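One gets the numbering used here by counting positions in the sequence shown from 1 and adding 276 to each.
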Amino acid sequence: MTHLVLALARSSWGETTLALRIAEGLRRAGDKVVFVIHRALAKLFFATPFEIIVAPDIQGPAFDAFLGHVVRGEKPNSIILADFLMAFEALRRREAHPQTLSRFSVPIIGIDTWHFPEIGDRIDVRPDHELTVAPKVASHPFRLVPVPFIRPSAGCGVQLLPEVLEPGGIRRELSLPEGPMATICTSGWQQRDSGLAHMDRVKESLPRLLDIYLRRLRVPVCHVGPRAYPWTLDGRYHHRSQLPSLTFSRLITSATLVVSTNLCATTNTLAIAAGVPVVSVINDHLGEGLEHLDYSPSKALAQWAAEHLPLYRFRMWPMSGYRTLSMVLGGNPYGALLHPVQVLDERRFESTSQALLAGEADRGLRERYLGLVHRLPTPAERVHRYCRLST
């Protein structure tokens with residue numbers, strides 16, 4: 277079989293990483309996988325075995341014609357969207373015809389990162405804005421619901437644990453110190469200006485707070501992201517640009533702790549699969565002070581709060597995702613493995629992080645969760661089933 281994967285959104289690094297995991301399973305099953313990608317994603321495919329076709333910067337009928345040419349050339353048995361939300365948003369931006377995909381008479385399989393049957397047709401990507409997908413997405417019959425992240429009991433769930441690569445000498449290759457190390461990752465969308473004053477304010481303010489918190493951990497910190505922060509951490513700050521996927525996977529496996537600012541980041545899943553603990557910062561506090569804390573804040577936190585509060589609620593900084601991710605992770609055993617900490621609770625952040633750095637994570641909780649995941653079908657099994665059903 278041949279499968280065509282569409283990864284057309286420039287900011288869909290996480291979604292495309294999921295698609296790469298699915299593609300690897302299909303490849304091992306003997307199938308051919310071809311990616312049509314936005315040029316900004318090309319670095320992800322370094323040292324991978326997949327053919328990529330970079331979509332030209334065209335719109336409307338010209339893009340429809342380009343996609344038709346690719347489909348006629350590859351003759352795929354399925355078209356896989358990475359993912360529903362990103363694919364439809366990318367097609368909208370390219371002014372593609374609504375029937376662009378359905379006209380090809382092959383099953384359209386969507387990676388349903390958010391499990392739309394559960395959350396509805398809206399995602400609160402910003403505190404003041406929701407993205408809406410077509411209502412029919414929730415009832416689309418051909419879906420791949422990634423577990424981890426979505427609860428294991430979800431319909432159309434597939435086991436999507438990433439392959440754990442041995443770190444080898446990755447720290448030496450990247451000129452990083454040995455020993456305990458915290459790793460924090462930021463995507464391009466987390467560091468770019470949004471043009472919205474309140475979001476850009478929060479985008480700039482949280483790293484300043486993390487600078488305060490990370491100083492107290494007294495371990496080297498590796499930050500992987502497009503742009504370095506003005507952190508020094510007494511010489512313990514090490515910035516590396518966004519890395520090829522295989523290199524990045526080895527780096528995460530070598531970490532002692534992952535600090536996350538996004539509950540739905542694929543980095544979290546990679547860390548959990550590798551047995552690397554995760555601490556996540558979230559925010560539920562809307563006030564302008566720190567009176568809700570049951571202890572006196574440090575001078576550094578109090579000064580930061582005076583300059584940067586109020587915040588809005590978030591689960592995926594600097595966006596929001598509060599409603600959506602509260603639904604997705606409520607009662608979901610995956611959520612407990614993320615060790616969420618309120619961003620203004622400096623003592624909880626420090627105590628949780630120090631405990632995890634010392635190896636005090638609940639390994640039984642992780643093993644029980646992974647057992648649930650392994651009971652699910654693989655993506656290749658479900659894709660092949662969808663292809664059979666459509667013939």
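Backbone N, C-alpha and C fix where the C-beta goes; we use that ideal spot for every residue, glycine too.
No experiment lies behind these values; they were computed from the predicted model shown.
Among the residues of its own chain, which have a CB less than 6 Å from the CB of residue i, if the five just before and after it don't count?
i	result
Pro573	Leu566
Gly606	none
Leu543	The residue asked about is misnamed: residue 543 is Thr in this sequence, not Leu. The answer, listed in chain order, is Cys461.
Leu282	Val312, Leu357, Ala363
His391	Val421, Ile426, Ala430
Pro403	Tyr588, Ser596
Glu327	Val310
His515	His499, Ala504
Pro655	Ile298, Gly301, Leu420, Val434
Ala581	Leu566
Val401	Leu407, Met595
Using the Cα positions of residue i and residue j, report the straight-line distance between them to the nearest angstrom.
i	j	result
Val555	Leu614	6 Å
Thr389	Arg492	35 Å
Ala338	Val310	21 Å
Pro506	Arg315	29 Å
Val409	Val500	31 Å
Ala634	Pro483	24 Å
Pro383	Leu302	16 Å
Thr376	Thr278	19 Å
Ser530	Gly445	9 Å
Asp359	Arg369	15 Å
Gly551	Tyr513	23 Å
Gln579	Ala331	48 Å
Asn559	Leu632	21 Å
Ser378	Ile355	10 Å
Ala576	Leu585	14 Å
Ala549	Ile528	10 Å
Leu641	Thr292	28 Å
Ala341	Arg348	10 Å
Cys663	Lys412	20 Å
Arg494	Tyr610	28 Å
Gly647	Thr537	26 Å
Ala372	Val535	39 Å
Asp307	Tyr645	30 Å
Arg661	Thr667	10 Å
Ser287	Gln466	10 Å
Leu486	Ala547	20 Å
Glu439	Tyr571	42 Å
Ala473	Glu442	42 Å
Pro393	Met603	11 Å
Thr523	His405	35 Å
Pro616	Val557	6 Å
Pro502	Leu367	26 Å
Leu519	Ala305	27 Å
Can residue i and residue j be called in contact, C-beta distance under 8 Å?
i	j	result
Thr630	Arg624	Note on residue identity: the sequence assigns Gln, not Thr, to residue 630. No, these two residues do not count as a Cβ contact at 8 Å.
Leu357	Gly386	yes
Cys540	Gly597	yes
Leu490	Leu509	yes
Leu569	Leu436	no
Pro352	Leu452	no
Leu361	Ile399	yes
Ile395	Thr545	no
Pro553	Ala637	yes
Ser521	Leu296	yes
Using 10 angstroms around the beta-carbon of residue i, count the other beta-carbons present and answer buried if the total reaches 16, otherwise exposed.
i	result
Pro433	In the sequence as displayed, the identity of residue 433 is Gly instead of Pro. That one is buried.
Ser525	buried
Glu643	exposed
Pro496	buried
Leu562	exposed
Ile334	exposed
Ser627	exposed
Glu622	buried
Pro325	exposed
Gly290	buried
Arg448	exposed
Leu665	exposed
In chain order, what residues of the same chain have a beta carbon less than 8 Å from the beta carbon of residue i, not counting five sequence neighbours either side?
i	result
Glu365	Ala285, Leu407
Ile329	Val310, Phe311, Val312, Ile313, Val346
Arg658	Leu420, Cys432, Val434
Excluding the 5 residues flanking residue i on each side, which residues of the same chain have their C-beta closer than 7 Å to its C-beta?
i	result
Asp469	Asp476
Glu583	none
Glu350	Thr278, Leu280, Val310
Can you find at least 3 beta carbon pairs, one from the region 651-662 and one from the region 583-596, that sit closer than 8 Å?
By the Cβ rule, the region 651-662 does not count as touching the region 583-596, because fewer than three pairs are nearer than 8 Å.
Does the count of Cβ pairs from the region 318-325 and the region 456-473 closer than 8 Å reach three?
Contact fails: fewer than three Cβ-Cβ distances are below 8 Å.
Mind the definition here: the region 441-460 touches the region 415-430 only if three or more C-beta pairs lie below 8 Å; say whether that holds.
Contact between the region 441-460 and the region 415-430 is absent: fewer than three C-beta pairs spanning the two stretches fall below 8 Å.
Stretch pair the region 464-483 + the region 412-422: three plus CB contacts closer than 8 Å:
Output reads no: the region 412-422 does not touch the region 464-483.
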